[in-house]
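Residue 287 in my numbering sits at position 287 of the sequence shown; the count goes up by one each step and never skips. Structure record follows, encoded as structure tokens.
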Amino acid sequence: MDELAAGTHPGRPDGAEIEVAAHGTRGAGPTDLVEANNEEDGFMDDESGGGDETRGNRSTLKSKARRLWRPEHDKMAVDAIRAAKAHVAPHGKKTKRFEQAAEIFNQHPRAVDFSINSKALSDRWSTLKKAFAVKNAAYESATGTEPSWTPAEMVLIDAVPEAQAHADLEKASRNEFTKKEERLVAQGEAIRKMAMERRGGLMRGPAAAPSGSTAVPNPSAGGSSDDEVATPARTTRHRKCAFADDEDDVVGILERSEKGQAAQAERQMQLAERRLEHERKMYEDEAARRDRAEETQQEEKKAQQELLVALASKLG
């Protein structure tokens, strides 16, 4: 009975390793401690993170150190992520930014003997974002309820919208690039189709036989002059000519496109020059108007002064 009152039991760790429960409550054994650790969202093992140490093992009665991830560690993690700008990292630099965030976290004074890597920090960030989105949606749908935020969630109120805005911007940029690429591919396919159609028309020729080959009489056959055979040399020359014309056609299309772009640029330049000339003329007209107004004011002022002098001389 004395051993049970002291919170110990034969075959288990002594009271120094297991918290002694208050009177009237059930004492926590090793299995209960492990279950409590596993119920925490941020449970970290020796390789991926750390925190407060507890002891216990589900399979054996031997004690084993475990580190518990607590809510204050969430705030430290989010602060480190925002300091390294890992939540708004551009494509291809996310891993490096989270490595910097992990270094900042590990250098925190409250992270003594506590190490976390970039993979664990990235996973924890994803978990926090999802949990915050669910809780925020629940508060928005509820009426007459005052939101209750933890210190870590207070930081997420600013961090999550920043990350979402950055993700939306990158998505829009990718969509714009995809549309531009599809437009260029379509233009190239249209040019290729035109070239292939022209090549096919030139290879068939106006005097081609139904089989597609040009035929001439064969005098060595000794028969009727209506016998026809293909002429390989002429066909080869005709094919080379078709290829050359096809290349000329594609080059001509490209040249016309470049000329059109150059003409458009020239027109834009002329419009800009005319606009500048018009603005310069307006400025000169405005300056001349101001000069005339100043001259008129000076003349009126001079006339008033002369009138005052004349009146003063008469009164004197």
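Even for Gly, the Cβ is constructed at its ideal location relative to N, Cα and C. Remember, predicted model here, so these are calculated numbers, not experimental data.
First and last residue of the uninterrupted alpha helix (DSSP H) at residue i
| i | result |
| --- | --- |
| K75 | 71-84 |
| S122 | 118-141 |
| Q100 | 94-106 |
Residue of the options minimising C-alpha distance to residue i
| i | options | result |
| --- | --- | --- |
| T326 | N106, A152, E140 | Nothing about residue 326 can be reported from this structure: the residues present for the chain run from 1 to 316 only. |
| S118 | A102, R124, A131 | A102 |
| A89 | A272, A163, A263 | A163 |
| M76 | H278, R124, N136 | R124 |
| A80 | H108, T178, W69 | H108 |
| D74 | A165, E258, E99, A131 | A131 |
| L156 | K129, S122, V134 | K129 |
| I191 | Q305, R256, Y283 | R256 |
| A167 | R183, K193, A86, R199 | A86 |
| G92 | R289, E182, E170, E286 | E170 |
| E99 | K179, R199, A120 | A120 |
| T95 | S122, I104, N106 | S122 |
| S148 | Q304, N136, R183 | N136 |
| A133 | H278, L184, M154 | M154 |
| L68 | A142, F114, M194 | F114 |
Residue i at chain C interface by Cβ criterion, 8 Å
| i | result |
| --- | --- |
| R274 | Judged by its chain identifiers, the structure shown contains no chain C, having just a single protein chain. |
Reduced DSSP category for residue i - H, G, I as helix; E, B as strand; rest coil
| i | result |
| --- | --- |
| F114 | coil |
| T296 | helix |
| T150 | coil |
| E90 | Here residue 90 turns out to be Pro, not Glu, going by the sequence shown. The answer is coil: DSSP assigns P90 none of H, G, I, E or B. |
| E40 | With a pLDDT of 41 at E40, under the threshold of 50, the predicted position of this residue should be treated as unreliable, though the coordinate-derived value follows. If DSSP states are grouped into helix, strand and coil, E40 belongs with coil. |
| A207 | Since pLDDT at A207 reaches only 47, below the 50 mark, its modelled position is unreliable, and the value read off the structure follows with that caveat. Coil, per DSSP. |
| M1 | Here the model assigns M1 a pLDDT of 39, short of 50, so the residue's position is not dependable, and the following value carries that caveat. Note: M1 maps to coil in three-state DSSP. |
| A233 | Per-residue confidence for A233 stands at a pLDDT of 49, beneath the threshold of 50, marking its modelled position as unreliable; no derived number is given. |
| A221 | In this prediction, A221 has a pLDDT of 45, which is less than 50 and means its spatial position is unreliable; nothing more can be read from the coordinates. |
Starting from the N-terminal side, write out each stretch of the beta strand (DSSP E) that is 3 residues or longer and does not extend beyond the region 248-285. none
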